[in-house]
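Using our numbering, you'd call the opening residue of the sequence shown number 8 and step up by one each time. Positions of the beta carbon are idealized from the N, C-alpha and C atoms, including for glycine. Structure record follows, encoded as structure tokens.
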Amino acid sequence: MSSILWFRRDLRCRDNPALRAAAQNGPVLGLFVLDPGLWRNAGPARRAWLAANLRSLDQSLEGNLCLRLGRASSEVPRAVAELGADQLHVANDYTPYGRARDRAVVEALPDGVEGIATGSPYAVAPGTITNGSGAPYRVFTPFSRAWRAHGWPDPVQAPRHVEWAELEDDEQVGSVLAAALADAPPSMPEPGEEAAWRRFRSFVESDVEEYADQRNHPGADRTSRLSPYLKLGLLHPRQLLAGTAGSRGKGARTFENELAWRDFYADVLLHNPASAWQDLRPVAGMTYDDRSDAVEAWKRGATGFPIVDAGMRQLLAEGWMHNRVRMITASFLTKDLHVWWPVGARHFLDHLVDGDLASNNHGWQWVAGTGTDAAPYFRVFNPVTQGMQFAEHGDYVRRWVPELAHLSGKAVHQPWDAEDGYAHGYPQRIIDHARERLVALERYQQGRD
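Now the structure itself:
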């Protein structure tokens, strides 16, 4: 008897229930299938991050990770047949694509092979929590209360011993991963399960106590920086919750709330699969603009609004962006440029190393005013006041927008007020924020009437 553990968003050995289940059935083949379509659509940072962590996982599996290139519905059954395995183990996937893919794989398995799903990438699996009438939640605060009341299981220990089976990789995979790693951004996080644990321990020891107060300040950079590790399952959220359980401080509770948001958005997507790329709460009669030149300026970080441009350039350089700046840049695209949010959501998913469909796309809808927020239409982020409030010293902007490095303090947020503000080639503002804010409010009001 033997099993295949098909890795997806669980690239770790510790606290991996699917691995424990597979190991009870004899030798285990660790398998990862690289889908060419998904690979092509990812930006260089995303490809490099996945490649680096696959290399790390291979080392954890004593060099026995089998890498295949192709559609999972073909490659997984092929590997099962080659190994002669009688079980296929996975962690549950709840995205619309993942559920359809998994059904196709199970249907294509050889006769007599059992497909077994154990666990999920979430502290509380989507579909578990409902309100008093049995319906899913659509607002975060009551969900978060029910989420805490429900609780989550303790982390499970890694198997003491796993006998790893072997199959040959596809010949092309090595060159594909090598090419991706050659394009890695210089500031990419350190990959691997052990690096994820080091990052978490550092956060708990140094930053969690002040997390509630400091997390909104991109210049301070006091966020956990754990989202890339959570994206690929190098850590599980229940491990993080176990690590903060002994702290009663506001910072730890705020951090736990961020994990609750992650579970909430996954739950929303499960119950509303169309909301992956459509408005969860459509605003009837809402109109949008097609401003390709302005969108390209936004993508390049050349809007003339320093905090917006700093964030967009950080995204291109690191494959990551501070969460407060994600909201600012998303508001600029949807409320100042009046562009429908999927345009921005797709750009983010192409580049973010932590790009998660449920969290990313519902976060965009929250900002755009068509998602889970109960009264969002009046929220229009002012990029100047946001910069002054959350990046007041200007270091964040000066780091990513060198054309403004000569401006000190808060002056960096308003180069148009400095005599030499444009001396080094920084672009002029592409829109008038005050005017576009009124346009956004008018359109939302018309859509609500």
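Cβ neighbour criterion (16 or more within 10 Å) applied to residue i
{"i": "residue 64", "result": "buried"}
{"i": "residue 41", "result": "buried"}
{"i": "residue 423", "result": "exposed"}
{"i": "residue 58", "result": "buried"}
{"i": "residue 138", "result": "exposed"}
{"i": "residue 199", "result": "buried"}
{"i": "residue 321", "result": "buried"}
{"i": "residue 385", "result": "exposed"}
{"i": "residue 52", "result": "buried"}
8 Å contact criterion, which residue i and residue j should meet: CB distance rounded
{"i": "residue 1", "j": "residue 122", "result": "There is simply no residue 1 to check, as the chain begins at 8 and stops at 456 in what is shown."}
{"i": "residue 261", "j": "residue 219", "result": "4 Å"}
{"i": "residue 453", "j": "residue 292", "result": "6 Å"}
{"i": "residue 22", "j": "residue 243", "result": "5 Å"}
{"i": "residue 284", "j": "residue 349", "result": "5 Å"}
{"i": "residue 133", "j": "residue 101", "result": "5 Å"}
{"i": "residue 34", "j": "residue 172", "result": "4 Å"}
{"i": "residue 174", "j": "residue 82", "result": "11 Å between Cβ atoms; not a contact."}
Paired residues, beta bridge with residue i - DSSP
{"i": "residue 165", "result": "According to DSSP, residue 165 bridges with nothing at all."}
{"i": "residue 14", "result": "Note: residue 14 sits in no beta bridge, so no partner."}
{"i": "residue 171", "result": "35"}
{"i": "residue 96", "result": "12, 123"}
DSSP-derived helix/strand/coil call for residue i
{"i": "residue 258", "result": "helix"}
{"i": "residue 41", "result": "strand"}
{"i": "residue 75", "result": "strand"}
{"i": "residue 351", "result": "helix"}
{"i": "residue 87", "result": "helix"}
{"i": "residue 327", "result": "coil"}
{"i": "residue 375", "result": "helix"}
{"i": "residue 286", "result": "coil"}
{"i": "residue 4", "result": "Summary: the structure shown does not reach residue 4, with the chain confined to residues 8 through 456, and so no result is reported for it."}
{"i": "residue 149", "result": "helix"}
{"i": "residue 305", "result": "helix"}
Cα-Cα separation, residue i to residue j
{"i": "residue 203", "j": "residue 233", "result": "7 Å"}
{"i": "residue 28", "j": "residue 362", "result": "28 Å"}
{"i": "residue 351", "j": "residue 337", "result": "7 Å"}
{"i": "residue 404", "j": "residue 397", "result": "11 Å"}
{"i": "residue 315", "j": "residue 419", "result": "12 Å"}
{"i": "residue 55", "j": "residue 237", "result": "16 Å"}
{"i": "residue 432", "j": "residue 421", "result": "15 Å"}
{"i": "residue 36", "j": "residue 150", "result": "38 Å"}
{"i": "residue 272", "j": "residue 190", "result": "31 Å"}
{"i": "residue 323", "j": "residue 32", "result": "44 Å"}
{"i": "residue 406", "j": "residue 70", "result": "40 Å"}
{"i": "residue 214", "j": "residue 20", "result": "26 Å"}
{"i": "residue 402", "j": "residue 226", "result": "6 Å"}
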